[in-house]
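Take a look at the structure set out below.
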Amino acid sequence: MKTSTPTSSTQATRAGSALTPALVVRHALAILAGTAVIALAAQIAIPFKPVPVTMQTLAVVLVGWKLGSVRGLSAAGLYGVLGSAGLPIFAAGASGVGPSTGFVVGFALSAAFVGWMSREASSGWRALAVFGVGLAIPYVPGLIWLSAVTGLGAPWSWPVLSVGLVPFIAGDLIKLGMATSVASAWAWRRRP
4 MKTSTPTSST
14 QATRAGSALT
24 PALVVRHALA
34 ILAGTAVIAL
44 AAQIAIPFKP
54 VPVTMQTLAV
64 VLVGWKLGSV
74 RGLSAAGLYG
84 VLGSAGLPIF
94 AAGASGVGPS
104 TGFVVGFALS
114 AAFVGWMSRE
124 ASSGWRALAV
134 FGVGLAIPYV
144 PGLIWLSAVT
154 GLGAPWSWPV
164 LSVGLVPFIA
174 GDLIKLGMAT
184 SVASAWAWRR
194 RP
């Protein structure tokens, strides 16, 4: 019977005290890199009508997928904290708290979910499902926040959905295909 040997990061997570300085630095660098990827992807806009679509949600699900739930949550959370504090890293160089803040909160939840489910998101239909849910998660806090801040109505009302959801559906479907393709290519590349 073959038993699996936990990796050093798994052991550190379970043991708590086994965190070495090198491992802490490695985790911190992974989180910072994930934050940077999300911030850079937020600046990549596809000219879509009526609203341009950025690549930040694609980056969020891929960061969660590669870093795992805790580091993915940390990377997306750090992105939100830095942008809310005034660093111009949100889409189109924006920063601060505004109508899109709920979506940014949702990014952290999305990265955590995809990271948690990353073993299921190796390729195929499971990857499609995990990334699909991951791309949908930011809409829950996003639409609730948008509704509260703008006064357009309830989160599920047409005025809120027409501004905060409908314009992004086509872009999210494209990003879903891209994320699934990346996961499938990665799984294929890693085959023996």
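FYI, our numbering numbers position 27 of the sequence shown as 30, with every residue one higher than the one before it.
Quick reminder that beta carbons are idealized off the backbone N, C-alpha and C, glycines included.
Taking just the CA atoms, how far does V27 sit from K69? In the sequence shown, counting from the first residue as 1, residue 69 sits at position 66. In the sequence shown, counting from the first residue as 1, residue 27 sits at position 24. Using only the alpha carbons, I get a separation of about 17 Å.
DSSP-derived helix/strand/coil call for T57: Taking the sequence shown and counting its residues from 1, the one referred to as residue 57 is at position 54. T57 falls in the strand class under three-state DSSP.
DSSP three-state label for I47, please. The count along the sequence shown starts at 1 and reaches residue 47 at position 44. In this structure, I47 counts as coil in the three-state DSSP scheme.
Counting pairs of beta carbons, one from the region 132-147 and one from the region 69-87, are three or more of them closer than 8 Å? no
I need the straight-line Cα distance from I49 to G135, nearest angstrom please. Within the sequence shown, residue 49 is the residue found at index 46, counting from 1. Within the sequence shown, residue 135 is the residue found at index 132, counting from 1. Cα-Cα distance, rounded: 20 Å.
G105 versus M120 - alpha carbon distance: Residue numbering aside, residue 105 sits at position 102 when the sequence shown is read from its first letter. Residue numbering aside, residue 120 sits at position 117 when the sequence shown is read from its first letter. Going from the Cα of G105 to the Cα of M120 covers about 22 Å.
Check whether V66 and G86 have beta carbons under 8 Å apart: Along the sequence shown, one-based indexing puts residue 66 at 63. Along the sequence shown, one-based indexing puts residue 86 at 83. No. Outside cutoff.
Give the DSSP-derived three-state secondary structure of A18 in the structure shown. For the purposes of this step, residue 18 is taken as the residue at position 15 of the sequence shown. With a pLDDT of only 48 at A18, under the threshold of 50, the placement of this residue in the model should not be trusted; the figure read from the coordinates follows. In this structure, A18 counts as helix in the three-state DSSP scheme.
Using 8 Å as the threshold, is the C-beta distance between T57 and I41 below it? If you number the sequence shown from 1, residue 57 lands on position 54. If you number the sequence shown from 1, residue 41 lands on position 38. For T57 and I41, no; Cβs fall outside 8 Å.
Output the distance between the C-alpha atoms of F171 and V108, rounded to the nearest integer angstrom. Here the question's residue 171 lines up with position 168 in the sequence shown. Here the question's residue 108 lines up with position 105 in the sequence shown. Rounded to the nearest angstrom, the two C-alpha atoms are 17 Å apart.
For V133, which of A88, G180, R29 and W148 has the nearest alpha-carbon? By 1-based counting over the sequence shown, the position of residue 133 is 130. Comparing Cα positions, the closest option is G180.
What first and last residue would you give for the alpha helix (DSSP H) that runs through V152? The residue labelled residue 152 in the question sits at position 149 within the sequence shown. Unbroken alpha helix (DSSP H) run through V152: Y142 to T153.
Measure how close the beta-carbons of I147 and P158 come, nearest whole angstrom, since I'm counting them as under 8 Å. Looking up residue 147 in the sequence shown gives position 144. Looking up residue 158 in the sequence shown gives position 155. Yes, I147 and P158 are in contact; Cβ-Cβ is about 5 Å, under 8 Å.
Span of the alpha helix (DSSP H) around V100: The residue you call residue 100 lines up with position 97 of the sequence shown. V100 -> no alpha helix (DSSP H), and no H or E assigned at all.
Whole angstroms are fine: how far does the CA of W189 sit from the CA of G144? For the purposes of this step, residue 144 is identified with residue 141 of the sequence shown, where counting begins at 1. For the purposes of this step, residue 189 is identified with residue 186 of the sequence shown, where counting begins at 1. At residue 144 the sequence reads Pro, which differs from the Gly that was named. Spanning the two alpha carbons is a distance of roughly 31 Å.
Coarse secondary structure for A79, derived from DSSP in three states: As a first step, residue 79 is located in the sequence shown; it is residue number 76 there, counting from the start. Three-state result, A79: helix.
Just to check my reading of the structure: A31 and A44 have Cβ atoms closer than 8 Å, yes? What is that Cβ distance to the nearest angstrom? Numbered from 1 along the sequence shown, position 28 holds the residue referred to as residue 31. Numbered from 1 along the sequence shown, position 41 holds the residue referred to as residue 44. That belief does not hold up - the Cβ atoms of A31 and A44 are roughly 20 Å apart, past 8 Å.
Anyone know if the C-beta pair for L155 and V166 falls short of 8 Å? On the sequence shown, residue 155 is found 152 positions in, with the first residue counted as 1. On the sequence shown, residue 166 is found 163 positions in, with the first residue counted as 1. Yes, the Cβ-Cβ distance between L155 and V166 is below 8 Å.
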